[in-house]
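If you're matching positions, the sequence shown starts at 4 in this note's numbering and goes up one per residue.
No residue lacks a Cβ here, since even glycine has one placed at the ideal position from N, Cα and C.
These numbers come from a predicted model, not from an experiment.
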Amino acid sequence: MSDQWIYLGDQFVKKEDAKISVYDHGFLYGDGVFEGIRVYDGNIFKMEDHMKRLYNSAKSILLTIPHTQEELTNIICEAVAKNNHKDAYIRVVISRGVGDLGLDPNKCKKANVVIIVEPLAIFPKHLYDTGLEIITVATRRNRPDVLSPQVKSLNYLNNVLVRIEAHLANVSEALMLNDQGYVAEGSADNVFIIKNGKLYTPPAYVGALEGITRNAIMEIARELNYEVYEEPFTRHDVYTAEEVFLTGTAAEVIAVIKVDGRVIGEGVPGEHTKTLLKGFREKVVQDGVKVYELQDNVNAV
């Protein structure tokens, strides 16, 4: 088995040598941002969108990434190529860096950059054929006027608590409501429902992350002449939907066939979900950055 290489700080190191300081504020306080990105057949899907969101998240919390977007894109491509992956998940982490035990981020001299590339399957393969059973949990979404969900921060405790509740209920995923009772998202996924052949997903202002896969599905749906709406909805709307599905970089697109004991539609992945998934599968190998082509160009310079 070949070595796994991690980009850490400013160099590639073997996985077993990839260590950070206990004084890193990403570890001490969850002070940092991250992105999860997918590689499909050597194509880093929606790379530019992920980079834009990463740099916007960093700017929002006054965190300076020590690379330009172009430089970081090249490093990510190098990480994929160095690990010899055509299909993989990429985790890019930018922490505040090493400081002291105090909270002050100004004590951290330089942000720390970590890039991990490895295969990932968030749900068992058979669930993509059969669909998920999920529940609604008691944990509510952080209020977006207090902590913006558009900042994809290292402090993921809100989402972790949702996943804990899901596991205690013996299901793989759960719905999280906001403080007004509207559906926000899952622990790591955006939520879509289909009613009367129309597609609905929660808007960002109710606490939903503007997911890259979420936006790709809306784009695909519009190309297929679906009516697409970003509108608040409740659990009642979920229970009575014709179809429900989740989207995310790790989860991709997966149908939900039961929510809080209520069977959705016919209790199997619906035709609209299958159609959108087919469109997604086509787009992931087209839209993005071709790793090995870019590497060849970089090496030729």
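With a Cβ-Cβ cutoff of 9 Å, do residue i and residue j count as a contact?
i, j, result
"Glu-38", "Leu-57", "yes"
"Ala-253", "Tyr-92", "yes"
"Ile-260", "Gly-251", "no"
"Pro-152", "Gly-189", "no"
"Leu-106", "Tyr-32", "yes"
"Ile-40", "Arg-99", "no"
"Asn-181", "Arg-225", "no"
"Val-287", "Val-262", "no"
"Val-174", "Arg-238", "no"
"Ala-191", "Ile-137", "no"
"Gly-45", "Tyr-295", "yes"
"Phe-15", "Lys-85", "yes"
"Thr-276", "Leu-227", "no"
Can you give the Cα-Cα distance for residue i and residue j, rounded to whole angstroms?
i, j, result
"Met-221", "Val-231", "7 Å"
"Gly-184", "Arg-146", "12 Å"
"Gly-29", "Leu-160", "13 Å"
"Val-304", "Glu-73", "Note that Val-304 has pLDDT 43, beneath the 50 cutoff, so the model's placement of it is unreliable and the number below is only indicative. Rounded to whole angstroms, Val-304 to Glu-73 spans 15 Å at the Cα level."
"Ile-79", "Leu-135", "32 Å"
"Leu-280", "Tyr-203", "16 Å"
"Phe-289", "Tyr-43", "Before going further, note that residue 289 is Gln rather than Phe in the sequence given. Spanning the two alpha carbons is a distance of roughly 9 Å."
"Asn-87", "Ser-60", "29 Å"
"Ala-244", "Asn-77", "43 Å"
"Asn-162", "Ile-64", "20 Å"
"Leu-150", "Ala-169", "23 Å"
"Ala-124", "Pro-205", "25 Å"
"Cys-111", "Asp-27", "8 Å"
"His-53", "Val-154", "12 Å"
"Glu-121", "Arg-166", "22 Å"
"Glu-19", "Thr-71", "28 Å"
"Glu-234", "Lys-201", "12 Å"
"Val-140", "Ala-172", "9 Å"
"Met-179", "Leu-130", "21 Å"
"Glu-285", "Asn-193", "20 Å"
"Asn-109", "Pro-69", "15 Å"
"Phe-236", "Asn-199", "15 Å"
"Gly-268", "Thr-133", "13 Å"
"Lys-55", "Lys-17", "28 Å"
"Leu-360", "Val-292", "A query on residue 360 cannot be resolved here, the shown segment of the chain reaching from 4 to 304 and no further."
"Gln-7", "Gly-264", "42 Å"
"Asp-13", "Val-266", "50 Å"
Tell me the residue span of the alpha helix (DSSP H) that contains residue i.
i, result
"Ser-60", "50-63"
"Ile-267", "Segment: none, Ile-267 is in no alpha helix (DSSP H) and carries neither H nor E."
"Gly-39", "Run containing Gly-39: none in the alpha helix (DSSP H); it sits in the beta strand (DSSP E), 35-43."
"Gly-282", "274-286"
"Gln-72", "72-85"
"Leu-104", "Taken as a continuous stretch (DSSP letters only), Leu-104 belongs to no alpha helix (DSSP H), as it is neither H nor E."
"Tyr-242", "238-242"
"Ile-125", "From DSSP, Ile-125 is part of no alpha helix (DSSP H); its letter is neither H nor E."
"Leu-160", "160-171"
Using 8 Å for Cβ pairs, my map puts residue i next to residue j. What's the rounded Cβ distance?
i, j, result
"Phe-195", "Phe-248", "5 Å"
"Gly-35", "Ile-97", "5 Å"
"Ser-24", "Val-101", "5 Å"
"Gly-282", "Ile-223", "4 Å"
"Thr-67", "Ala-114", "6 Å"
"Glu-246", "Ile-197", "4 Å"
Since residue i is in the beta strand (DSSP E), which residue starts that stretch and which ends it?
i, result
"Tyr-232", "231-233"
"Ile-119", "115-121"
"Val-194", "193-198"
"Ile-9", "8-11"
"Glu-246", "246-251"
"Ala-219", "Premise fails: Ala-219 lies in the alpha helix (DSSP H), 215-226, not in any beta strand (DSSP E)."
"Arg-94", "91-98"
"Ile-260", "255-262"
"Thr-67", "No beta strand (DSSP E) contains Thr-67, which DSSP labels as neither H nor E."
"Tyr-203", "201-204"
Does at least one heavy atom of the ligand GTP sit under 8 Å from the Cβ of residue i?
i, result
"Phe-283", "No copy of the ligand GTP appears in this structure; indeed no ligand is present at all."
Across the stretch 212-221 and the stretch 39-54, are there enough close Cβ pairs to call them in contact, namely three or more that are closer than 8 Å? Short answer: they touch.
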